[in-house]
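According to our numbering, the stretch in the sequence shown is residues 305 to 793, in order.
First comes the structure, then the notes that go with it.
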Amino acid sequence: MEHFQQVEPFDYVIFGATGDLTMRKLLPALYNRLRMDQIPDDACIIGAARTELDREAYVARARDALERFLPSDILSPGLVERFLARLDYVTLDSSREGPQWENLKALLAKTQPDRVRVYYFATAPQLYGGISENLHRYGLITPTSRVVLEKPIGTDMATATAINDGVGQYFPEKQIYRIDHYLGKETVQNVLALRFANPLMNAAWSAEHIESVQITAAETVGVEGRAAYYDTSGALRDMIQNHLLQVLCLVAMEAPDSLEADAVRNAKLAVLNALRPITDATAATETVRAQYTAGVVDGENVPGYLEELGKPSATETYAAIRAWVDTPRWKGVPFYIRTAKRSGRKVSEIVITFRPAATTMFGATPASNRLVLRVQPNEGVELRLNVKNPALDVYNLHTADLDAKIRMEGGMPFPDSYERLLLDAVRGDPVLFIRRDEVEAAWRWAEPILDAWKHDKVPMQTYSAGSYGPEQATRLLAGHGDTWHEAAE
Ligand SMILES: NC(=O)C1=CN([C@@H]2O[C@H](COP(=O)(O)OP(=O)(O)OC[C@H]3O[C@@H](n4cnc5c(N)ncnc54)[C@H](OP(=O)(O)O)[C@@H]3O)[C@@H](O)[C@H]2O)C=CC1
Ligand SMILES: O=C1O[C@H](COP(=O)(O)O)[C@@H](O)[C@H](O)[C@H]1O
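Rendered as structure tokens:
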């Protein structure tokens with residue numbers, strides 16, 4: 305099915321319907337797709353949470369959320385009413401059995417039983433198994449049901465296994481959609497287009513021509529209202545184990561046979577399985593962890609992480625890792641990954657540094673070609689080339705950047721990544737969702753790093769809020785003669 309077409313009628317049940325994610329991301333995303341005429345008028349969206357609310361009260365909350373989180377120019381009163389008319393709500397403690405489930409059953413019984421049903425778990429992951437069990441107990445899992453699992457899928461292998469087993473007992477793997485919103489980003493999907501639709505790139509995409517790869521996701525925000533969650537997570541679990549490893553997989557994988565979900569997932573899995581383990585013995589040389597201290601971000605004084613938290617903590621808000629993909633294609637190529645809260649700039653990007661030309665023709669060695677895939681903001685692709693300096697008669701080189709901006713038609717903003725993913729679950733297209741074995745392979749690599757950190761094999765560094773991270777992260781690259789690419793303003 306074409307992705308701009310209307311999807312078939314569906315029932316979307318959101319567990320955690322009063323929460324931050326639903327209000328800030330899910331309802332606005334669904335509204336936007338209704339606005340683009342991708343959601344049919346007989347679709348139903350049912351919120352479920354413990355808070356006692358009737359339908360009207362929930363609709364009022366949803367209206368507030370749309371007004372708060374969507375730009376006013378896309379909020380037309382008629383469309384908002386059309387969207388809100390699709391909503392319903394059940395008060396439900398989803399972790400317990402009880403008569404409240406019959407209310408949900410009654411709402412679902414209003415539509416055809418063979419309609420697509422999406423159960424979206426936007427609540428604490430410890431509840432996922434119990435919700436699945438209750439959906440089964442009350443006969444709500446149909447052959448056309450799908451379940452979308454929000455991150456985090458565990459905090460380590462054991463908890464991930466428990467979550468996956470809990471859900472997997474009632475839903476077969478093909479009905480489970482583990483969301484990673486980075487895969488919903490257009491510019492992340494573009495990695496495959498750039499690599500495999502351009503023979504020029506494809507031919508140069510290996511250790512023979514590539515010297516190093518950098519993957520950065522830095523944010524200016526701190527932990528905002530999510531300190532309780534974040535302090536049990538930290539930068540590695542929050543961003544690297546999932547989002548940045550997924551990006552790394554797309555950069556490093558072999559060409560899949562097709563864009564079918566399992567072909568792409570198998571290719572990603574092969575990369576995860578080829579990641580060189582980082583052990584207690586190597587963690588100190590291959591990883592850096594740090595916490596931000598007070599500083600200035602976007603011209604404003606901000607407190608340090610520990611002050612914000614109000615208690616001591618060993619949770620990192622910055623992580624940098626030198627990873628190695630042990631396949632013939634990537635022999636000797638470091639993959640530098642870093643993520644930060646309270647960084648000097650919000651930027652997510654992939655930087656490919658090519659090996660310099662082996663020529664003495666121009667005197668000095670020409671600069672390395674560098675390809676920057678700007679995931680966000682200022683989405684685009686930039687290629688640094690060596691050209692002759694036209695101001696001089698002699699062959700003096702300087703660099704020039706080819707800069708291709710990736711823009712939506714009419715200058716519209718990029719759709720939020722949740723929009724595409726929410727409807728892919730309705731379409732039954734899992735290609736941008738994570739398979740269980742990928743989650744496990746990612747934990748297999750990440751967990752020993754977390755263990756080494758827990759046992760203080762790697763000292764906790766600090767960095768000022770508003771800076772680009774600790775000095776030790778600069779040294780991580782300097783050993784290989786590399787420097788971090790800091791995106792220009
Ligand atoms: N917020 C975000 O930006 C992101 C969140 N996530 C993930 O999404 C999930 C939800 O996060 P978030 O919205 O921030 O969390 P919130 O704490 O804001 O919301 C949790 C929701 O779960 C409901 N809930 C809690 N216990 C039960 C229960 N026993 N039965 C039914 N409903 C229950 C709460 O409602 P009530 O109290 O009324 O029951 C509330 O609606 C988490 O897994 C989180 O890690 C992932 C990425 C980003
Ligand atoms: O999953 C998460 O991602 C966001 C960053 O997402 P982005 O699309 O703005 O790059 C991060 O703030 C949050 O801590 C994390 O849980």
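Don't be surprised by glycine CBs; every beta carbon is placed ideally from N, CA and C.
Pairwise C-alpha distance: residue j and residue i
i: Y474; j: S436; result: 6 Å
i: K489; j: L330; result: 15 Å
i: I378; j: R328; result: 16 Å
i: N693; j: N494; result: 32 Å
i: T536; j: A464; result: 15 Å
i: V651; j: F737; result: 23 Å
i: V735; j: T589; result: 35 Å
i: Y534; j: Y699; result: 54 Å
i: D760; j: Y423; result: 41 Å
i: V311; j: D341; result: 9 Å
i: V679; j: G402; result: 46 Å
i: L780; j: D460; result: 26 Å
i: S768; j: E454; result: 31 Å
i: T657; j: T663; result: 17 Å
i: P575; j: D561; result: Here residue 575 turns out to be Val, not Pro, going by the sequence shown. For V575 and D561, the distance between alpha carbons rounds to 15 Å.
i: N577; j: R633; result: 14 Å
i: M665; j: G715; result: 44 Å
i: S449; j: R421; result: 5 Å
i: G614; j: S771; result: 22 Å
i: N605; j: L411; result: 50 Å
i: A462; j: S617; result: 23 Å
i: E275; j: P717; result: Lying outside 305 to 793, the shown extent of the chain, residue 275 is not represented and no answer is given.
i: A361; j: G320; result: 16 Å
i: M305; j: V730; result: Residue placement at M305 is poorly supported in this model, since its pLDDT is 47, which falls under 50; the coordinates still yield a value, given next. Their backbone Cα atoms lie some 11 Å apart in a straight line.
i: L444; j: V451; result: 12 Å
i: N502; j: W509; result: 11 Å
i: S721; j: D484; result: 9 Å
i: T591; j: A750; result: 11 Å
Cβ neighbours of residue i in the same chain (closer than 7 Å, five flanking residues each side left out)
i: L573; result: D741, E742 and A745
i: H440; result: Y474
i: E612; result: G526, V527 and A531
i: L727; result: V311, R337 and Q342
i: F500; result: N506 and A559
i: L496; result: L554
i: A366; result: L331, L388 and L391
i: R482; result: L453, I457, F737, I738 and V743
Bridge partner(s) assigned by DSSP for residue i
i: K814; result: Residue numbering for the chain in the displayed model covers 305 to 793; residue 814 lies beyond these limits and cannot be assessed.
i: R593; result: A623 and M764
i: A708; result: V685
i: S449; result: R421
i: D728; result: DSSP, once it has assigned bridges, lists no residue as partnering D728.
i: I519; result: I641 and I654
i: V606; result: G599
i: V629; result: L579
i: N348; result: Before going on, a small fix: residue 348 reads as Cys here, not Asn. Paired residue(s): D315.
i: K692; result: L701
i: V676; result: V655 and E686
i: V394; result: A352
Distance cut-off 7 Å: residue i Cβ against heavy atoms of ligand 4
i: F373; result: Inclusion of ligand 4 in the displayed structure is not the case, the ligand content consisting of ligand 1 and ligand 2 alone.
Same chain only: Cβ atoms within 6 Å of residue i, ignoring 5 sequence neighbours per side
i: S322; result: Here residue 322 is Thr; the residue named in the question, Ser, does not match the sequence. A353 and T355, listed in sequence order.
i: L677; result: I654 and V685
i: D786; result: S516
i: K635; result: A511
i: A565; result: P734 and V735
Cutoff 8 Å; reference residue i; Cβ partners in own chain excluding five residues on either side
i: A671; result: P660, R688, N690, L701 and T703
i: A587; result: P752, I753, A756, W757, K761 and V762
i: D469; result: G433
i: G472; result: I480 and R740
**Prompt:** Are the region 542-556 and the region 687-707 in contact at 8 Å, needing three or more beta carbon pairs?
**Reply:** no
**Asked** Is there contact between the region 592-610 and the region 554-568, where contact requires at least three CB pairs shorter than 8 Å?
**Response** no
**Prompt:** Does the region 396-411 come close enough to the region 346-358 to have 3 or more Cβ pairs within less than 8 Å?
**Reply:** yes
**Touch test, the region 648-666 against the region 517-524, Cβ-Cβ under 8 Å, three pairs minimum** = yes
**Asked** Pairing CB atoms from the region 537-544 with CB atoms from the region 617-628, are three or more of them under 8 Å?
**Response** yes
**Prompt:** Looking at C-beta atoms only, is the number of pairs between the region 570-584 and the region 708-728 that lie closer than 8 Å three or more?
**Reply:** no
**Prompt:** Touching or not, the region 381-395 and the region 404-416, by the rule of three or more beta carbon pairs under 8 Å?
**Reply:** yes
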